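Shown next, in structure tokens, is the structure this report addresses.
Numbering (the numbering used here), first residue to last: 2 to 214.
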């Protein structure tokens, strides 16, 4: 794969691995938060006992999950610096990673609150997360995907929120970047997708929390 892309493959893979690490961590933390409602001393079980708006609890759980997911960013950045002896703007790389973590934490928590069995939740997510990661530009640029797959796969990969997050991370960190997709700015597309997922997930999660306790 690196031979197809060239000598700057690390500019592709490092932000991609960072975003993937954040997503998998968000999945694990969000799962623990969502299913803590059934534990006697769980986070949600404890918070639901207070007379506060359920949307506050939903937002608090999302923020908690998001910030816990960011632990992988300095680890991946340190490996990159050690292997390639190059500096990377960790703060700039953290911005899109944090946004992605917040967005997907809200989505994963909303899904988890509507599934009563943690085993069923794991079985569902084990298909969703890898599928979104594979059909994306986390590990290779859109040009490589266009050479190997039909146009409809390329379009899915281009508009995949993980792809947009990785491309923005590459751009902000000063690595390889693709700032336009089908004549649209990736920043505008990502903002719209993120707001849509976040707002709907918070609404669904807070509504579900009102029926739990």
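Cβ atoms here follow ideal geometry from the backbone N, Cα and C, with glycine treated the same way.
Note that the structure is predicted; figures quoted are calculated from it, not measured.
Cβ neighbours of residue i in the same chain (closer than 6 Å, five flanking residues each side left out)
i	result
residue 119	36
residue 206	59, 110, 111 and 114
residue 215	Any answer about residue 215 is impossible in this case: the structure gives the chain only from 2 up to 214.
Where residue i sits in the DSSP three-state scheme
i	result
residue 186	strand
residue 203	helix
residue 1	This structure leaves residue 1 out entirely; the chain is present only between 2 and 214.
residue 209	helix
residue 264	The structure shown does not extend to residue 264, since the chain spans only 2 to 214, so no value can be given for it.
residue 193	helix
residue 72	coil
residue 80	helix
residue 7	Confidence is the limiting factor: at residue 7 the pLDDT is only 47, short of 50, which leaves the residue's position unreliable and the question unanswerable from this model.
residue 116	coil
Same chain only: Cβ atoms within 7 Å of residue i, ignoring 5 sequence neighbours per side
i	result
residue 96	173
residue 56	203 and 207
residue 98	19, 20, 23, 71, 74 and 170
residue 31	66, 106, 109, 110 and 113
Span of the alpha helix (DSSP H), counted from its first residue to its last, around residue i
i	result
residue 162	162–173
residue 128	119–135
Neighbour flag for residue i against chain C, beta carbons, 9 Å
i	result
residue 212	Within the model displayed, chain C is absent; a lone protein chain is all it includes.
Same chain only: Cβ atoms within 8 Å of residue i, ignoring 5 sequence neighbours per side
i	result
residue 14	140
**Request:** At 4 residues or longer, and completely inside the stretch 17–64: list those alpha helix (DSSP H) runs for me, N to C.
**Result:** 44–48
**Prompt:** So, do the stretch 63–79 and the stretch 119–131 have three or more beta carbon pairs nearer to each other than 8 Å?
**Reply:** no
**Prompt:** With a cut-off of 8 Å, do at least 3 Cβ pairs link the stretch 17–30 to the stretch 143–161?
**Reply:** no
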